[in-house]
Amino acid sequence: MQLTSYLALSAILFSIGLYGVLTKRNAVIVLFCIELMLNAANLNFVAFSKFGLFPGLTGQVFTLFTITIAAAEAAVGIAILIALYRNVQSAEADRYDSMKG
């Protein structure tokens, strides 16, 4: 496989994630789409690590850090969504305006 194949797949995944973030109203789906976008970036890191000008392990290291941060983001995001769901009784992102001043 060529580098362009990985980049095309990554662009498709990122585009699907961006579409989901911009159009979906359910907060859980929005979090999943953000994870999809992060995984597209991880695919780019690994592809450039393998096919880049200086092949090495830096792409894999960055990917491990990104996966760790994504896991923490998902855990905190789900915890916030559970707390908000208890107050609003809805998972729609449009209804979460209780933090506005």
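For the record, in the sequence shown the residue sitting at position 47 is 47 according to full-length UniProt numbering, with numbers rising by one throughout.
For every residue, glycine included, the Cβ atom is placed at its ideal position computed from N, Cα and C.
Since we're looking at a predicted model, the values are computed, not measured.
**Request:** Using DSSP bridges, identify the partner residues of ASN26.
**Result:** On the sequence shown, position 26 is the one that residue 26 refers to. Bridge partners of ASN26: GLU92.
**Asked** Hey, how far is the Cα of PHE54 from the Cα of ILE67?
**Response** Residue 54 sits at position 54 when you count from the first residue of the sequence shown. Residue 67 sits at position 67 when you count from the first residue of the sequence shown. PHE54 and ILE67: Cα-Cα distance of roughly 23 Å.
**Request:** Go through its chain and collect everything with a Cβ distance to CYS33's Cβ below 6 Å, but skip five positions before and after it.
**Result:** The residue given as residue 33 occupies position 33 in the sequence shown. These residues qualify, in order along the chain: GLY17, GLY20 and VAL21.
**Request:** Give the DSSP-derived three-state secondary structure of GLN2 in the structure shown.
**Result:** Locating residue 2 in the sequence shown gives position 2, where the first residue counts as 1. Correct three-state label for GLN2: coil.
**Request:** Pick out whichever of LEU3, ALA27 and TYR6 has its Cα sitting closest to the Cα of ILE78.
**Result:** Looking up residue 78 in the sequence shown gives position 78. Comparing Cα positions, the closest option is ALA27.
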